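The next block holds one structure in the form of structure tokens; read it before the comments.
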């Protein structure tokens, strides 16, 4: 009882933090149809500044860190990224009126990571004085890339199976011939997930290519996204140069203020996207509400295993949970649009921006920090 | 004599402040046809940052304030806002070659408040070490909204009287019939000021609607403007959350620097708009030069009443005078364009931006601060 | 030997500075085709902020400075600006496949000054604790304007000589008549460099106007450029107002951080422009690689004369060398485009941005600082 009551007190206290206040303020401002906007170049620059700062601090930390202790958390991050997509594949995709490719893309976006949510989590952890390994923010790509790759691979498998079914019913006689012909034009025997379903012509469906989705272009596309690029640039500069002075005098002091403005924009965005969600339907809203918390708890559990076995800090466990509960809103969508072109962007972007991200920020972060504090104090 | 000489010394000292230096610098740069520009998204973001900061500090103050002491200054702010429009109605509008609706719109803009001018005033007060109630900046909407509402109402009254006159000369026989028909299509018996003069068709003029102008849409339009939205958002966040840390580490330290850049932009704008003013004519230039100082003195006088009776600080009196002498350049124009569509925007925007705002900044602010210091020291 | 070894150690140390790290980071990010970009309004604002800060600090310094000691360095700056263009005229312009006007324009751009390179040099000097006269940054326009003026004058002389040659071959009989007619329409007997080669019509070439190029429009065009405007605005505000408080609280603390982001953009730009350079050819690449170092050494030598004779600081010598080794990338191109319209912009802009500026930043700055430190310690 003592644990539960202290947890609820802590959880409620987090809800009054200015970071979340700005998020809710943005939602309210947009709901009143205010003409207040943050210009897009400012928004993009703020995201860049936040991720560069997160990367720099991670890089500076890694320079002096014991990389072995990063192994288990990184492995768990990858595992969670893959798992999230499979959970979406066998829950959301099975619901009525939900298209399977849309569901897989949505699960991919919920597995991918939001740099802004991560930044908000780090700020609130620091405000609360919760200790964490500075390299913990560098777990980001270990979850982000596997989730996007898994989603695109699963979508390709599903699409080619559908073709197969269609094919076996319609043209079962000419099977072998077409298959051979279908492969002849491919280099290295692989087909990119993105283009495979566009190459289907009236003359015949290429078939049975599930394991042949190209992984590297998805990884590359993901790394070239502005969010991961900024994060990795910061990491590299933190490891290879000595940016401590510019970090302490510029990136670190501006961090919390820029984040508060980003929260405002995200709140305004969430309200503006509510309409998009309505078109997509209630199952997505339900999934987008539950998924961030479920994913966060799975990651929290795995993080606790690392906490007990290798001494991974409780703050690090929270970061792993926050990364898992976040859904990508900047860099994920273009990767998915290229990787699963048949999926409906308003399904996955609407779910993520209008529900998933606000839930991760306003419920997930205070929940996991409160849980860690209750466990740490217990 | 001692009072006058100390006042002039103080007034001249204010003219050398860096805040006004940036304003004059911007005017000079633009006069030399420099290609130097501050990109528009940056400008908008700076205005947002300044108003959010003003709102936050006001909100934090109100949280611990005695709201009763705000009553009289707020009442005086409303009174000044209404009075300014009536002064314009019975001075500027009576001058030769000046159209009445243009004059009313101009008076409305001079009654409305400029967040930038307010911010400049607050900075110079702080530099000078003049004390003021932190909630004084929250007097902004108490003058802004009544001024805009009054202007739109007066314009509607004038327009419908004109129609009436036209009507009584041309079709005095069919009077009663058309009047009844004119009212039949209205809900709740009111007509919005903005659309009433657009609904006049060949079949007949709706008449006698002066008291029927809808007030709420004007208030709403005004509150939805980006300037008031940012200010009220800051107020709400200051009252309801605990933004002290992000305020002290981000919004407050950046305030003075961002303001200096805003002054630069306003100076450049003032020079660029000089040409616009020439088209509008010398009466507008005369009004735009005298009005900020006259309005400021009226507000200063009322503020002194509050100073003597309820202990309103001399710094607060200066803020009331600065708010009165300022004319809206960001949020006012769209409200007026919607509310008095028949008024010529280059008349009121040109008067405000090219003359009114520079006069309020470069003469008004040092004048009122010098006056307060001379009174305080006397 | 001791001098050489200490010089090389110092030079290598500079290469690891975060300022250059961000430059190289930007080159790498762009080479990986990342979608990371810094929005253009942000970039322009950062350049403005840096140059305003450089101007402010120079102006504050000049207010208390002995202007006589600025004389010799300013004279040397002008000399170097003119010399650089003549060097280009008699080296690059003589190479095969290089058009003379393109070569002169390129030399003009390499003689003009880059505010960003200057800012980077100042930051690294401060990091290294090398002392310099704060007015040294104000040497900028003393080199920038003479270089651009010389380039446009030399180009005009060359173009009119070409016409002369053509003219004397084709129409040698009617010489005197046309010359007289050519001059008749000009005020004050001068022809602007920019328009002279556009006014050639089928009826005949105006001739022999080499010394009659209008100097003032070139100077004016150069001063109106956004970079010099920002610098001179800062200088004027620093001299005439008291901006110390806003300088210390805003412009100075942000300087190093904003510079690091500018370096990133410049690195990205350099990679993106590599393709442009390829079109222009290897002679430009060779010139653009050697010129910044050669120009820097010439200025360093002249600066050492001032160091020995008038006590000009070694830090000031480095600044003179950095200004000479820099090539203009923001404000120079529009001046040249207007002044030498027949020159190919991709020749001079490509040479400057893709090779000249990176060489000045990554080799020039550490080289000259290392040299000064080795000399100062010797």
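Residue numbers (the UniProt record's numbering), protein chains in the order written: chain A, 1 to 378; chain B, 1 to 378; chain C, 1 to 378.
From the three backbone atoms N, C-alpha and C, an ideal C-beta is built for every residue, glycine too.
For clarity, every value in this text was computed on a predicted model and none was experimentally measured.
- Of the candidates B:348, B:126, B:375 and B:259, the residue whose Cα lies closest to the Cα of residue 100 (chain B) is B:348.
- Using a Cβ-Cβ cut-off of 8 angstroms, residue 256 (chain B) counts as an interface residue toward chain C, since at least one Cβ of chain C sits closer than that to its own.
- Within chain C, the residues whose beta carbon sits less than 8 angstroms from that of residue 29 (chain B) are 229 and 233, listed in sequence order.
- Bounds of the alpha helix (DSSP H) holding residue 119 (chain C) are 115–127.
- Here residue 258 (chain A) is not near residue 38 (chain A), since their CB atoms are 8 angstroms or more apart.
- In this structure, the alpha-carbon of residue 69 (chain A) lies about 7 angstroms from that of residue 310 (chain A).
- Between residue 294 (chain A) and residue 325 (chain A), the alpha-carbon positions lie close to 8 angstroms from each other.
- Looking from the CA of residue 269 (chain B), the closest CA among B:25, B:5, B:18 and B:19 belongs to B:25.
- Taking C-beta atoms as the reference points, residue 102 (chain B) and residue 343 (chain B) count as a pair closer than 8 angstroms.
- For the pair residue 225 (chain A) and residue 335 (chain A), the CB atoms are nearer than the 8 angstroms cut-off.
- For residue 317 (chain A), same chain residues with a beta-carbon under 7 angstroms away, outside a window of 5 residues either side, are 300, 303, 304, 307 and 372 in chain order.
- Secondary structure of residue 18 (chain A) (DSSP, three-state): helix.
- Closest in alpha carbon position to residue 281 (chain C), among C:163, C:160 and C:97, is C:97.
- Membership of residue 75 (chain C) in the alpha helix (DSSP H) is indicated by the continuous run 71–90.
- Distance check between residue 271 (chain C) and each of C:19, C:30 and C:22 places C:30 closest, using alpha-carbon atoms only.
- Apart from the 5 residues on each side of it in sequence, residue 59 (chain C) sits with its Cβ closer than 7 angstroms to the Cβ of 234, 235, 236, 237, 238 and 239 in its chain, given in chain order.
- Our two residues, residue 366 (chain A) and residue 291 (chain A), have alpha carbons roughly 16 angstroms apart in a direct line.
- Remark: C-beta atoms of residue 65 (chain C) and residue 135 (chain C) approach each other more closely than 8 angstroms.
- The criterion of a C-beta distance shorter than 8 angstroms is satisfied by residue 114 (chain B) and residue 328 (chain B).
- In its own chain, leaving out the 5 sequence neighbours on each side, no residue places its CB closer than 6 angstroms to the CB of residue 165 (chain B).
- Against chain B, the CB of residue 124 (chain A) has no partner CB under 8 angstroms away; the residue lies outside that interface.
- Residue 252 (chain B) carries a helical assignment under DSSP once its states are collapsed to helix, strand and coil.
- Of all residues in the segment 29–51 of chain A, only 29, 32, 33, 34, 35, 36, 37, 38, 39, 40, 41 and 42 place a beta-carbon less than 8 angstroms from a beta-carbon of chain B.
- Within the segment 243–255 of chain C, those residues whose Cβ lies closer than 9 angstroms to any Cβ of chain B are, in chain order, 243, 244, 245, 246, 247, 249, 250, 251, 253 and 254.
- Inter-residue distance for residue 83 (chain C) and residue 41 (chain B) is about 41 angstroms (C-alpha atoms, whole angstroms).
- For residue 335 (chain A), no chain C residue has a Cβ inside 8 angstroms of its Cβ, as the nearest lies near 10 angstroms away.
- Annotation: residue 34 (chain A) to residue 217 (chain B) spans about 13 angstroms, alpha carbon to alpha carbon.
- Taking C-beta separations shorter than 6 angstroms and ignoring five residues to either side along the sequence, the partners of residue 283 (chain B) in its chain run 95 and 98, following chain order.
- Excluding sequence positions up to five before and after residue 362 (chain C), its CB lies within less than 8 angstroms of the CB of 15, 20, 23 and 24, all in the same chain and listed in chain order.
- Chain-order list of chain C residues neighbouring residue 366 (chain B): empty, with the shortest C-beta distance near 13 angstroms, by a criterion of under 7 angstroms.
- Close partners of residue 224 (chain C) in chain B (Cβ separation under 7 angstroms): 32, 33, 34 and 35.
- According to the DSSP assignment, residue 220 (chain C) belongs to the alpha helix (DSSP H) that extends over 216–224.
- Contact of residue 260 (chain C) with chain A is assigned, a C-beta pair being separated by under 8 angstroms.
- At a C-beta separation below 7 angstroms, residue 25 (chain C) has these neighbours in chain A: 233, 236 and 237.
- Rounded to the nearest angstrom, the gap between the Cα atoms of residue 298 (chain A) and residue 368 (chain A) is 11 angstroms.
- Among the residues of chain C, those whose CB is under 9 angstroms from the CB of residue 18 (chain B) are 237, 241, 242, 243, 244, 245, 246 and 247, following chain order.
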